[in-house]
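Since the structure comes first, as structure tokens, the remarks are kept for the end.
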Amino acid sequence: MSYFINVIFLIVGFTFLIKGADLFVGSSSSIAKKIGIPSVIVGLTIVSLGTSAPELAVSSISALQGNNGIAIGNVLGSNIFNTLVVLGGTAITMPLIINKKLIKRDFFFNLIIVCLIYILAFGITVSGNDGILTRIEGILLLLICIVYTIILIKSASKSNKDENTKESSKEELDEIKIWPNVFKIIIGIIGIILGGNLVVNGATKIAYSIGMSEKLVGLTIVAVGTSLPELVTSIVAALKGETEIAIGNVLGSNIFNILLILGLSSTINPIVVTGNLSIDLMFLLFSTVMIGFLIYLNKGNDIKKLSRSEGTILVLLYVVYLSYIIIRN
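According to the UniProt record's numbering, the sequence shown is numbered sequentially starting from 1.
Structure, rendered in structure tokens:
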């Protein structure tokens, strides 16, 4: 009976996380628009952070409670799920038209930070503690995150000026009320925190009751649940013909997951990265490189179409990975 109660807590927790993030993003965006912040900057900061809010809540709470297996498993599992299932599933729904020049900076930056995490965990370390992401290394990741965000905002501001985008009408702005949106932001934050606690506690108890490790729960159940906002956002965008949003959503989310979430989690509580996780890190690196080959292999053409067949291969690759880690446990 207690197992099913924990499953219910897990489902309720995911619901609170996703609805809380939705309220936070929607209301924050409305207030930003009201006070004159360009929508492109809102998209790159508030919306990107909002879709990563479930992962941030779960990993931070896990780190505070000493459940480091869930903290790092959630980040790695979410990034693998984003790379293979979110991109693959979106391509199956609607073939993705990708402008290679537009995503070049973010793709290669994503590739570099995946390599950086592997080096910090298993190779050259800042503190000399191999197999541990220390507080110093966590702070380093957070500093890189701040620099990356500043670069994004500056780049977006320049692009916004160059394109001379249409501003919202006065009537639209008058309809936006500050205090109701502030109230929604508070409710959203409460939902994210409460949902994060329910997910962490439910997932931990499920792991103990059926003999799963915390890392496996983080890599599978928690990772998939916290990645639902990215999956829904990308598929809806593809159905509306905004297929480039999908690749941008995945790259942005993966970068913030590593720099912000893993950085904050290891700053709160140093994370022990066991030998098994080196395989998961290598698989994430392999998946990222594979996406790069699919996008950049056809030289001389700035546009890449990620087809349904390629999307199917990506999803099947995730199924193979999922089967492997379950057998490994």
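Backbone N, C-alpha and C define an ideal beta-carbon position, used for all residues, glycine too.
> By how many angstroms is the C-alpha of residue 302 removed from the C-alpha of residue 67?
Replying inline: 44 Å
>> Tell me the rounded alpha-carbon separation between residue 224 and residue 77.
In response: Linking residue 224 to residue 77 through their CA atoms gives a straight-line distance of about 7 Å.
> In terms of residues, what are the limits of the beta strand (DSSP E) holding residue 304?
Replying inline: Its beta strand (DSSP E) spans residues 303 to 306.
> Under the three-state reduction of DSSP, which class applies to residue 67: helix, strand or coil?
Replying inline: coil
> Tell me which same chain residues have a C-beta within less than 8 Å of the C-beta of residue 7, skipping the five on either side of it?
Replying inline: 202, 206
>> Quick check on residue 164: does DSSP put it in helix, strand or coil?
In response: Confidence in residue 164 is poor, its pLDDT being 44 and thus under 50, which makes the residue's placement unreliable; the coordinate value appears in the next sentence. Of the three classes helix, strand and coil, the one that applies to residue 164 here is coil, per DSSP.
>> Our contact map puts residue 112 next to residue 262 with C-beta atoms below 8 Å; I'd like the distance itself, whole angstroms only.
In response: So it is not a contact: roughly 15 Å between Cβ atoms.
> Around the C-beta of residue 30, are 16 or more other C-beta atoms found within 10 angstroms, so that it is buried, or is it exposed?
Replying inline: buried
>> I need the DSSP call for residue 82, collapsed to helix, strand or coil.
In response: helix
>> Just to check my reading of the structure: residue 133 and residue 295 have Cβ atoms closer than 8 Å, yes? What is that Cβ distance to the nearest angstrom?
In response: With a Cβ gap of about 29 Å, residue 133 and residue 295 do not count as contacting.
> How is the beta strand (DSSP E) around residue 96 delimited, first residue to last?
Replying inline: 96 to 99
>> Just to confirm the assignment, what range does the alpha helix (DSSP H) spanning residue 236 have?
In response: 228 to 239
>> Under 8 Å, with one C-beta from each stretch per pair, do the stretch 10 to 29 and the stretch 186 to 196 reach the 3-pair mark?
In response: Verdict: yes, contact present.
>> Residues in the same chain with beta-carbon distance under 8 Å from residue 323, minus the five sequence neighbours each way, listed in chain order, please.
In response: For residue 323, there are no CB contacts under 8 Å within the same chain when 5 residues up- and downstream are skipped.
> What is the residue span of the alpha helix (DSSP H) that residue 6 lies within?
Replying inline: 2 to 34
> From residue 218 to residue 143, what distance separates their C-alpha atoms?
Replying inline: 25 Å
>> Since residue 83 and residue 250 should fall inside the 8 Å C-beta cutoff, what is the C-beta to C-beta distance between them, to a whole number of angstroms?
In response: 7 Å
>> Taking only three categories from DSSP, how would you classify residue 297?
In response: Note: residue 297 maps to coil in three-state DSSP.
> Between 64, 50, 220, 131, which lies nearest to residue 197 when the distance is taken from Cα to Cα?
Replying inline: 64
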